[in-house]
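Sequence lines, in order, name chains A and B. Quick note on numbering: the working numbering labels position 37 of the first sequence as 37, and the sequence is numbered without any gaps. Quick note on numbering: the working numbering labels position 97 of the second sequence as 516, and the sequence is numbered without any gaps.
There are 2 protein chains.
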Amino acid sequence: MSRLVMKFGGTSVGDMDRIRNVAAHVKREVDAGHHVAVVVSAMAGTTDNLVNLCNEADPRHDRREYDSIVAAGEQISSGLLAIALQKMGVKARSWTGWQVPIKTTSDHGSARIEEIDADNMAARMEDGEVSIIAGFQGVTAENRIATLGRGGSDTSAVAMAAALDARCDIYTDVDGVYTTDPRIAKHAHKLDRISYEEMLEMASLGAKVLQTRSVELAMVYKVPLQVRSSFDPPDNIPNVPGNNFGPGTLVCDEELIVEQQVVSGITYSRDEAKVSVRHVLDKPGISAAIFAPLSKAGVVVDMIVQNVSPDGKYANVTFTVPAKDLDRAVESLEQSKDDIEFDTLEHSSNVAKISVVGVGMRSHAGVASKMFETLAAHNINIQAISTSEIKTSVLIDEDYTELAIRSLHTAYGLDEEQE
Amino acid sequence: MSRLVMKFGGTSVGDMDRIRNVAAHVKREVDAGHHVAVVVSAMAGTTDNLVNLCNEADPRHDRREYDSIVAAGEQISSGLLAIALQKMGVKARSWTGWQVPIKTTSDHGSARIEEIDADNMAARMEDGEVSIIAGFQGVTAENRIATLGRGGSDTSAVAMAAALDARCDIYTDVDGVYTTDPRIAKHAHKLDRISYEEMLEMASLGAKVLQTRSVELAMVYKVPLQVRSSFDPPDNIPNVPGNNFGPGTLVCDEELIVEQQVVSGITYSRDEAKVSVRHVLDKPGISAAIFAPLSKAGVVVDMIVQNVSPDGKYANVTFTVPAKDLDRAVESLEQSKDDIEFDTLEHSSNVAKISVVGVGMRSHAGVASKMFETLAAHNINIQAISTSEIKTSVLIDEDYTELAIRSLHTAYGLDEEQE
Numbered sequence: 001m002s003r004l005v006m007k008f009g010g011t012s013v014g015d016m017d018r019i020r021n022v023a024a025h026v027k028r029e030v031d032a033g034h035h036v037a038v039v040v041s042a043m044a045g046t047t048d049n050l051v052n053l054c055n056e057a058d059p060r061h062d063r064r065e066y067d068s069i070v071a072a073g074e075q076i077s078s079g080l081l082a083i084a085l086q087k088m089g090v091k092a093r094s095w096t097g098w099q100v101p102i103k104t105t106s107d108h109g110s111a112r113i114e115e116i117d118a119d120n121m122a123a124r125m126e127d128g129e130v131s132i133i134a135g136f137q138g139v140t141a142e143n144r145i146a147t148l149g150r151g152g153s154d155t156s157a158v159a160m161a162a163a164l165d166a167r168c169d170i171y172t173d174v175d176g177v178y179t180t181d182p183r184i185a186k187h188a189h190k191l192d193r194i195s196y197e198e199m200l201e202m203a204s205l206g207a208k209v210l211q212t213r214s215v216e217l218a219m220v221y222k223v224p225l226q227v228r229s230s231f232d233p234p235d236n237i238p239n240v241p242g243n244n245f246g247p248g249t250l251v252c253d254e255e256l257i258v259e260q261q262v263v264s265g266i267t268y269s270r271d272e273a274k275v276s277v278r279h280v281l282d283k284p285g286i287s288a289a290i291f292a293p294l295s296k297a298g299v300v301v302d303m304i305v306q307n308v309s310p311d312g313k314y315a316n317v318t319f320t321v322p323a324k325d326l327d328r329a330v331e332s333l334e335q336s337k338d339d340i341e342f343d344t345l346e347h348s349s350n351v352a353k354i355s356v357v358g359v360g361m362r363s364h365a366g367v368a369s370k371m372f373e374t375l376a377a378h379n380i381n382i383q384a385i386s387t388s389e390i391k392t393s394v395l396i397d398e399d400y401t402e403l404a405i406r407s408l409h410t411a412y413g414l415d416e417e418q419e
Numbered sequence: 420m421s422r423l424v425m426k427f428g429g430t431s432v433g434d435m436d437r438i439r440n441v442a443a444h445v446k447r448e449v450d451a452g453h454h455v456a457v458v459v460s461a462m463a464g465t466t467d468n469l470v471n472l473c474n475e476a477d478p479r480h481d482r483r484e485y486d487s488i489v490a491a492g493e494q495i496s497s498g499l500l501a502i503a504l505q506k507m508g509v510k511a512r513s514w515t516g517w518q519v520p521i522k523t524t525s526d527h528g529s530a531r532i533e534e535i536d537a538d539n540m541a542a543r544m545e546d547g548e549v550s551i552i553a554g555f556q557g558v559t560a561e562n563r564i565a566t567l568g569r570g571g572s573d574t575s576a577v578a579m580a581a582a583l584d585a586r587c588d589i590y591t592d593v594d595g596v597y598t599t600d601p602r603i604a605k606h607a608h609k610l611d612r613i614s615y616e617e618m619l620e621m622a623s624l625g626a627k628v629l630q631t632r633s634v635e636l637a638m639v640y641k642v643p644l645q646v647r648s649s650f651d652p653p654d655n656i657p658n659v660p661g662n663n664f665g666p667g668t669l670v671c672d673e674e675l676i677v678e679q680q681v682v683s684g685i686t687y688s689r690d691e692a693k694v695s696v697r698h699v700l701d702k703p704g705i706s707a708a709i710f711a712p713l714s715k716a717g718v719v720v721d722m723i724v725q726n727v728s729p730d731g732k733y734a735n736v737t738f739t740v741p742a743k744d745l746d747r748a749v750e751s752l753e754q755s756k757d758d759i760e761f762d763t764l765e766h767s768s769n770v771a772k773i774s775v776v777g778v779g780m781r782s783h784a785g786v787a788s789k790m791f792e793t794l795a796a797h798n799i800n801i802q803a804i805s806t807s808e809i810k811t812s813v814l815i816d817e818d819y820t821e822l823a824i825r826s827l828h829t830a831y832g833l834d835e836e837q838e
């Protein structure tokens with residue numbers, strides 16, 4: 001009998017009717033012969049309410065108290081799902097993070113899972129009991145509740161799957177991972193399979209289907225991860241024992257993907273801002289002078305471009321930061337103006353980062369140049385470029401976001417599989 | 420430095436403004452030099468909402484899941500109070516039942532506290548940190564959350580006070596214990612002190628100021644218990660160090676009450692129902708035949724009267740049960756009709772139990788007869804009587820409740836202390 005971890009988000013457990021729908025999904029897998037553990041988020045709205053209470057008490061609240069308060073949300077939803085399953089005749093019990101226990105670091109609000117002791121739970125699952133685990137939470141060495149940060153339930157699910165040697169199905173409000181955002185490109189199509197590496201890039205680059213850390217964890221522990229829709233009727237999902245991957249997207253090892261495309265997807269992010277430091281002396285140490293204060297202010301810099309003047313004396317340095325950190329970035333640069341000796345500082349949030357992702361880039365030349373050519377053909381100016389082994393990102397004027405996505409989607413042949 | 424446990428109920432922590440008011444009460448005691456632990460209920464309404472969700476999931480839900488779900492309420496309020504105190508510059512942290520740990524039996528929904536290991540907490544209190552304890556909850560030997568039943572936060576507070584060797588102040592929506600319900604008898608007055616034994620009788624007999632089990636526990640562990648109002652402005656309560664019992668009621672050992680009254684209070688309960696089993700053979704074993712099925716049905720019988728017919732052959736047996744159990748009681752007697760061989764079964768909820776409570780009854784004769792005489796003088800018929808060492812209860816027609824209370828209050832001289 002194979003073990004399966006199923007994860008359901010806050011919208012999927014938003015009220016008792018939806019919790020019953022989740023219970024029906026779980027029962028289907030139990031009936032198919034799986035030993036099932038379920039990871040749940042808090043009921044939609046609960047976490048926001050609890051966060052608001054904390055902020056009302058004190059906007060600069062103690063993160064340890066915050067964690068204990070917001071973790072109550074998953075404690076409630078996991079208990080309710082256990083009752084709903086019992087009502088359907090399925091043996092079930094809830095587990096809080098400290099009951100499992102899921103041991104984490106003491107970084108309250110963004111703790112990392114260090115160790116999971118799932119022996120007790122595994123024994124009960126062998127006896128046919130479904131385990132319902134409160135997502136998003138664990139317990140520190142000081143015996144206090146810690147949360148993994150927003151979206152942490154995905155991470156809880158993958159970590160539980162790793163500890164239980166199970167596969168992991170993430171139920172969400174979309175039915176899988178798409179070549180790009182279907183709201184923008186109508187010819188976007190769902191991918192049957194995608195490699196961990198690609199999914200990791202896509203999650204980092206703005207595809208909000210899975211939390212980045214959960215993909216990292218799945219990759220490290222080789223947990224087969226599937227993205228499925230929780231809004232399908234529970235009995236509409238084909239479920240042949242032994243081969244019951246449904247119509248979602250499987251995130252897996254590259255080797256398991258037979259017909260690997262060169263490019264798997266196009267992502268975009270509008271959450272970037274561009275900063276240009278104009279007319280600085282192009283001398284050794286100038287980069288350090290610019291980026292040290294940003295690092296000190298906790299601002300993460302992404303793309304960097306340096307243009308040197310024809311006489312080689314001066315440079316303009318342009319880089320991107322998360323839009324939410326723009327004010328902080330500008331402030332810290334202004335404070336270091338005497339060190340950097342720049343002329344002017346320009347900044348804009350009217351930019352978008354467009355990325356092309358695919359493991360095929362490793363072996364296929366010309367993937368990046370096709371990107372540049374396609375954008376040029378549509379008169380889209382590239383303001384910055386950054387690359388990794390399996391992705392190329394460009395910064396463009398935000399107004400061209402949709403045009404860029406659609407033309408790249410076509411250029412890389414991603415439209416073709418549309419039925 | 421003396422230790423103090425303060426307990427606040429759900430209304431007192433009903434929203435953030437009220438939580439801040441509680442924090443101000445706590446700060447006052449900290450500033451007065453106490454080492455303070457606080458026990459809180461869930462914010463008013465939270466527990467009801469969570470109970471409703473459990474019932475929506477399944478009216479016959481698993482009590483273990485119920486406990487885990489409803490205990491989330493106190494986890495939230497204790498965290499919020501900790502944040503509010505920190506905001507005022509008071510060192511504080513929250514403790515859930517399992518963190519303390521408060522070890523309980525596995526009777527989920529009505530667990531009993533077995534052991535509290537407060538060493539860790541006490542050490543932190545010595546360092547000036549206020550402990551905020553989630554009331555109403557503990558953890559079983561199986562590492563699951565158990566609740567103590569409704570009103571259990573009073574019990575948590577007294578148990579914590581016993582474990583910490585502290586005195587215990589229960590803040591509530593009344594300012595103390597009264598000789599009787601002031602809504603009925605306008606000459607009722609607040610008692611400065613009352614003995615554990617009397618308070619125990621009064622709590623059992625319908626005075627809803629304190630939960631019965633909390634008084635039992637205070638009596639066994641000799642915890643000085645004070646009932647105070649949380650609606651007083653925090654700085655209006657006189658607080659002389661070393662003698663800072665406020666204007667509430669102190670529940671304490673009999674010996675500490677200098678001017679002990681013969682009768683301390685008059686209580687009433689309308690939650691009773693009367694059942695009469697008519698015309699049964701007055702033979703050995705007839706009581707067992709009547710009361711065994713009730714016991715089996717989980718119905719607790721209170722007062723019992725047996726009237727034998729002039730020829731000594733037949734009897735009528737009349738007794739009281741909680742009104743909520745009346746249907747169950749009648750049903751189980753009807754099912755045993757063949758064994759009991761009764762003629763008819765009569766029942767009524769239109770009754771009230773009036774009780775006179777006072778440790779002075781032990782040494783003063785005539786307390787009960789004064790009760791009977793007073794009621795007779797007002798033409799109030801007594802339908803049943805029960806007594807203990809320090810109380811006498813009578814069952815009367817419910818319509819006479821107020822008249823009985825007022826005339827007894829006057830007869831026992833309780834009006835006199837009115838200013």
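Even for Gly, the Cβ is constructed at its ideal location relative to N, Cα and C. Computed from a predicted structure; not experimentally measured.
What is the rounded straight-line gap between the Cα of residue i and the Cα of residue j?
i                    : j                 : result
histidine 378(A)     : alanine 411(A)    : 12 angstroms
lysine 186(A)        : glutamate 29(A)   : 33 angstroms
valine 394(A)        : threonine 318(A)  : 13 angstroms
valine 308(A)        : lysine 208(A)     : 37 angstroms
glutamine 802(B)     : threonine 820(B)  : 13 angstroms
cysteine 671(B)      : isoleucine 551(B) : 25 angstroms
valine 13(A)         : asparagine 21(A)  : 8 angstroms
lysine 370(A)        : lysine 391(A)     : 13 angstroms
cysteine 587(B)      : leucine 644(B)    : 5 angstroms
threonine 739(B)     : tyrosine 171(A)   : 56 angstroms
histidine 480(B)     : proline 322(A)    : 47 angstroms
alanine 585(B)       : alanine 297(A)    : 47 angstroms
phenylalanine 650(B) : proline 666(B)    : 13 angstroms
serine 529(B)        : glycine 568(B)    : 4 angstroms
lysine 426(B)        : arginine 647(B)   : 10 angstroms
isoleucine 405(A)    : threonine 267(A)  : 8 angstroms
histidine 35(A)      : valine 696(B)     : 56 angstroms
aspartate 816(B)     : arginine 563(B)   : 46 angstroms
For the beta strand (DSSP E) containing residue i, list its first residue and its last residue.
i                : result
leucine 281(A)   : 272 to 281
glutamine 494(B) : Taken as a continuous stretch (DSSP letters only), glutamine 494(B) belongs to no beta strand (DSSP E), being part of the alpha helix (DSSP H) at 491 to 506.
aspartate 816(B) : 810 to 816
alanine 558(B)   : According to the sequence as given, residue 558(B) is valine; it is not alanine. It spans 556 to 558 - the beta strand (DSSP E) in which valine 558(B) sits, taken as one unbroken run.
glutamate 792(B) : Unbroken run through glutamate 792(B) is the alpha helix (DSSP H), 786 to 796; no beta strand (DSSP E).
alanine 384(A)   : 384 to 388
Can you tell me which residues form a DSSP beta bridge with residue i?
i                 : result
leucine 326(A)    : Leucine 326(A) pairs with nothing; no bridge assigned.
leucine 225(A)    : Cys168(A), Val251(A)
threonine 599(B)  : According to DSSP, which records beta bridges pairwise, threonine 599(B) is partnered with nothing at all.
valine 38(A)      : Met6(A), Ile132(A)
asparagine 120(A) : Paired residue(s): none; asparagine 120(A) is not in a bridge.
Between residue i and the rest of its own chain, which residues show a CB-CB distance below 7 angstroms, the 5 nearest in sequence each way excluded?
i              : result
serine 826(B)  : Thr793, His797
proline 653(B) : Asn440, Ala443, His444, Arg447
Apart from the five residues on each side of it in sequence, which residues of its chain come closer than 8 angstroms, Cβ to Cβ, to residue i?
i                : result
leucine 164(A)   : Arg3, Val5, Ala37, Ala118, Met121, Ala122, Met125
isoleucine 76(A) : Ala42, Met43, Thr46
serine 204(A)    : Thr212
What residue range does the alpha helix (DSSP H) around residue i cover?
i                 : result
isoleucine 709(B) : 705 to 715
glutamate 617(B)  : 615 to 623
Using a Cβ-Cβ cutoff of less than 6 angstroms, which residues in the same chain neighbour residue i once the five nearest sequence positions on both sides are dropped?
i                : result
alanine 420(A)   : In the structure as shown, chain A begins at 1 and stops at 419. Residue 420(A) is therefore absent and cannot be evaluated.
glutamine 618(B) : Correcting the residue identity first, residue 618(B) is methionine in this sequence and not glutamine. Closer than 6 angstroms at Cβ, skipping near neighbours: Val634, Val670.
serine 805(B)    : Met722, Ser812
leucine 833(B)   : Thr598
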